[in-house]
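Engineer: So the sequence shown is residues 1 to 91, counted in the UniProt record's numbering. Heads up, the beta-carbon is just placed ideally off N, CA and C, and yes, glycines get one too.
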Amino acid sequence: REGEDTSTSHHGLCWPKLHTLAVEGSDNRGRLQVTAVHHEISALQEAGHPIRKIKVPKAALGQVDAEAAADLREIVEVEEFWLDWPTPFEY
1 REGEDTSTSH HGLCWPKLHT LAVEGSDNRG RLQVTAVHHE ISALQEAGHP IRKIKVPKAA
61 LGQVDAEAAA DLREIVEVEE FWLDWPTPFE Y
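(1) So, residue 77 versus residue 58, is the Cβ gap smaller than 8 Å?
(2) With burial defined as no fewer than 16 other Cβ atoms inside 10 Å of the residue's Cβ, what is the status of residue 72: buried or exposed?
(3) Going by other Cβ atoms of all chains shown within 10 Å of its Cβ, with 16 needed for buried, is residue 60 buried or exposed?
(4) Would residue 44 and residue 54 qualify as a contact pair, given that the criterion is a beta-carbon distance under 8 Å?
(5) Can you tell me whether residue 32 is buried or exposed, with buried defined as 16 or more other CB within 10 angstroms of its CB?
(6) So is residue 39 buried or exposed if we call it buried at 16+ other beta carbons inside 10 Å?
(7) Going straight from the alpha carbon of residue 74 to that of residue 17, what length do you get?
(8) Taking DSSP as the reference, what is the three-state secondary structure of residue 55?
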């Protein structure tokens with residue numbers, strides 16, 4: 001159909017039941033870029049994805065702007081996560 005975005009219209013959303021995302025710090029110091037995450041989650045939600053929770057490392061979460069974090073919490077639940085298994089091939 002003319003003018004219709006066909007990227008998802010034929011097959012529906014990819015992962016239509018995905019409701020939780022885990023993110024790491026997104027800059028070279030491990031800090032979370034809250035504004036960028038907020039923008040991406042908002043875009044996914046507007047596209048119909050039922051994203052309602054993100055998991056963020058405690059260290060990354062502790063370094064974010066409080067106001068930006070509050071804005072993010074308005075659209076999703078924010079929960080801490082940590083890697084608790086060995087990572088022998090870390091670079």
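Structural biologist: Quick answer:
(1) As a working mapping, residue 77 is identified with position 77 in the sequence shown. As a working mapping, residue 58 is identified with position 58 in the sequence shown. Their beta carbons are not under 8 Å apart, which means residue 77 does not touch residue 58 by this criterion.
(2) The residue given as residue 72 occupies position 72 in the sequence shown. So residue 72 ends up on the buried side.
(3) One-based indexing of the sequence shown puts residue 60 at position 60. Result: buried.
(4) Here residue 44 refers to the residue found at position 44 of the sequence shown. Here residue 54 refers to the residue found at position 54 of the sequence shown. Against a cut-off of 8 Å, the Cβ pair of residue 54 and residue 44 comes out as no contact.
(5) As a first step, residue 32 is located in the sequence shown; it is residue number 32 there, counting from the start. By the neighbour-count rule (16 or more Cβ atoms within 10 Å), residue 32 is buried.
(6) Counting from 1 along the sequence shown, the entry for residue 39 is found at position 39. Exposed, by the Cβ-count rule.
(7) Within the sequence shown, residue 74 is the residue found at index 74, counting from 1. Within the sequence shown, residue 17 is the residue found at index 17, counting from 1. Spanning the two alpha carbons is a distance of roughly 21 Å.
(8) Position 55 of the sequence shown holds residue 55. Strand at residue 55.
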